Amino acid sequence: MGNVAEALKVFSVMNCNGHELDQFTFNVLVASPCRDGKVGEAEDFMHHMRRTGLVPNSVTYDCIINGHGMLGNGLKTFSVFGEMVKLGHHPSHFTYGSLLKGLCKGGNLQEAKQFLNKLHYIPSAVDTIAYNTVISEACKSGKLWEALVLLDQMVQDNLLCDSYTYTSLLSGLCRKGKVVSTLLFFDKVMAKGTVPNEVMLTCLVNGLFRAGQSKAALYIYDVMEKGGVLPDTVSLNAVIDGFSRMGKMIKAYDLLLTMRSRGLCPSLATYNILLHGFSKKKDLLVCSMLHSIMMRTGLLPDKLTCHSLILGFCETGMLEVGVKFLKKMVVEGTVVDQLTLNMLIMECCKTGKLGKAFDLLNVTNKLGVFPDINTYNAIITGLNRVSAFQESHSVVHDMLERGFTPKLTQCITLINGMCRMGDLQGAFKLGDEMEALQVSPCDVAESAMVRGLAPCGKVEEAMLVLNCMLRMRLVPTVATFTTLMYKFCKEANFVEALKLKGIMEHCGVKLDVVAYNVLISGLFAHGDVMAAFELYKEIKQRGLWPNTTTYTVLIDAISKEENFVKGELLLKDLQERKMISWDWDGSTQHLHEGLMIVLQKLKTFSHRRKKYCQNE
């Protein structure tokens, strides 16, 4: 009955009253904790058994071996097995099954297969359960081919496959998303005259729904109903979960009513599935009703209930209610998981309510729920978004103290932000910290400093850092050079911009199209068309593909200067690259019209791409 405490009281009374304790009594006490995974307690009873003068028999050892096997302690199972054989006890097929279980649960599939092969030399050692143990582990490990080979061996050994064998294989096929193979295998099983039981069909329905094959799952569910296998709560939960994944919440709710009409009691899992589905649909009215029914029936909410309801509040923009509800659940003793906390904190950061995010952290810290890497990332992103760079730097330190490493991109954003706000000391300090903690290589941290200083007008300081990098033989990134070239081009300082181009080539850093575009745009803006076209030729010579920006700048400048020789060259290039189809009749007007059409198309495309990026 699972009432071990009462059993121990009776055992104590027997002991005190001087009753003779036999092997059967001790074996009962050894078996019970083993079933609950408390093998240490079981071994204490076995030692007590020895102290009373009784010798543990094969049943005692079988219980201990099975206990270790359930925990996946493969080495320990064989150690106890060795002791058992040494004392002259004969192992049974149950013993061998427990040894296989220990190997499989410990993740030693290959060793389990080798041991199974050795067992064939021992009479009556191999049975269906032994094969089922290894087949199940092979399926869980995703090694379906090995599982099917074992199935063939099982048939050759004249052992009958049972529902557990088929359930393991069907579950493995579903997990791999092999829907056609799953259904064919199921039909093959049915053709053998095997009557599918509730467990097999439920596993199949659940697996097919999870694989996104709702039609196939519903077909199996119909087979279940028509075959007289009435689904239980677990089976119906699988179908409700399937409908919920499909977003068909009315059908999912109808199944809840079907469950009740059949006299089945919906479980907490049932309500959690429905609450999650309706929360995603932003239907808080139904969520509230389901929560009330659940509480009236005596089902106490768990962390999944809490997560589902708070998800609904976040989806509908009711952040304040979500925060209050979380605090209420915490006060009532509901365990709050990290995922729910992160979801609320992220929502607070997105909406700029950083005070609430920190308030939530304080509340949950007191209860022993501490932020993880995702929590910190959400807060740093939120702080960076509102330019609270000092606070963000402080959170990075807290993060490091707790053993988490910040994202490189976040640190670079923070350096750039601190430079923009004039906090150069803080930016340099963070750069040094990044290097010391190996968050980034030295060249990446220094490059980030250059890219942070240049855009905020501190070009001299940026050049000092760049020169320092070059003296230390650190190679700056393409983006670093490009940022500085852009600043020099804006100031019409093309000598310095082109000097940087030379340094890049000397360091073995290849210019990309973006870097070329910066130089071409700058040169065109200040009327140096010849130099710009020389760079365009260089792009083509190096096998780079000019992009929309390149052609837009070139065509726009040519049209203004009416340099149709260059215009003809550009249109021919576009035609060769199959970006346009154009037949020139030789007239200047036609050439001009062609340039204007292409320019308009390029600008439209660029506008659409920008809009798409903003939406993303």
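Here the sequence shown stands for residues 761 to 1376, where the numbers follow my numbering.
Glycine residues also receive a C-beta, built at the ideal position from the N, C-alpha and C atoms.
Small disclaimer: the values here were computed from a predicted structure and weren't measured.
- Distance check between Val1090 and each of His1286, Asn1122, Thr1312 and Met1106 places Asn1122 closest, using alpha-carbon atoms only.
- Taking the C-beta atoms as reference points, Tyr1276 is found no nearer than 8 angstroms to Leu1258.
- Between Thr893 and Cys864, the beta carbon gap of about 6 angstroms places them in contact (Cβ cut-off 8 angstroms).
- In the DSSP assignment, Ser974 falls within the alpha helix (DSSP H) that extends over Ser974 to Lys986.
- Asn966: member of the alpha helix (DSSP H) spanning Glu958 to Arg970, first to last residue.
- Between the alpha carbons of Ala1285 and Thr1169 lies a gap of roughly 32 angstroms.
- When Cβ pairs closer than 8 angstroms are counted between the two stretches, the segment 1307-1314 is seen not to touch the segment 1264-1272, the count staying below three.
- DSSP places Arg810 in the helix class (H, G or I) of the three-state scheme.
- Comparing C-alpha distances from Gly1058 to each of Met1181, Gly1142, Tyr1031 and Lys1040 shows the shortest one belongs to Tyr1031.
- For Arg935, the enclosing alpha helix (DSSP H) has its first and last residue at Ser923 to Arg935.
- For Phe1164, there is no enclosing alpha helix (DSSP H), as DSSP gives it neither H nor E.
- The three-state reading of DSSP puts Arg1022 in coil, since its state is none of H, G, I, E or B.
- Judged by their CB atoms, Leu1160 and Met1178 are not nearer to each other than the 8 angstroms cut-off.
- Taking Ala1252 as the centre and dropping the five residues before and after it, the same chain places the C-beta of His1286 closer than 6 angstroms to its C-beta, in chain order.
- In this structure, Asp1203 lies near Pro1236, with their beta-carbon atoms less than 8 angstroms apart.
- Under the three-state reduction of DSSP output, Val915 falls in the helix class.
- When Cβ pairs closer than 8 angstroms are counted between the two stretches, the segment 991-999 is seen to touch the segment 957-969, the count reaching three or more.
- Membership of Met1054 in the alpha helix (DSSP H) is indicated by the continuous run Leu1044 to Arg1056.
- The residue among Lys836, Leu1079 and Leu944 with its C-alpha nearest the C-alpha of Thr1100 is Leu1079.
- Taking one beta carbon from each stretch, the segment 948-958 and the segment 902-918 have fewer than 3 pairs nearer than 8 angstroms; the two do not touch.
- Around the C-beta of Glu897, 16 or more other C-beta atoms lie within 10 Å, and the residue is accordingly described as buried.
- When only Cα atoms are considered, Met809 and Gln783 end up about 8 angstroms apart.
- As for any alpha helix (DSSP H) of minimum length 4 sitting wholly inside the segment 1073-1120, the runs are 1079-1091 and 1098-1110, ordered along the chain.
- Of the residues assessed, Pro793 falls on the buried side of the cut-off, its CB having 16 or more other CB atoms within 10 angstroms.
- In the three-state DSSP reduction, Leu920 falls in the coil class, being neither helix nor strand.
- Trp1305 sits in coil when the DSSP states are folded into three classes, being neither helix nor strand.
- Residue environment: His1036 is assigned as buried (16 or more neighbouring CB atoms within 10 Å of its CB, all protein chains considered).
- CA-CA distance, Val1274 to Glu1075, rounds to 39 angstroms.
- Burial check for Glu1336: the Cβ neighbour count within 10 Å stays below 16, so the residue is exposed.
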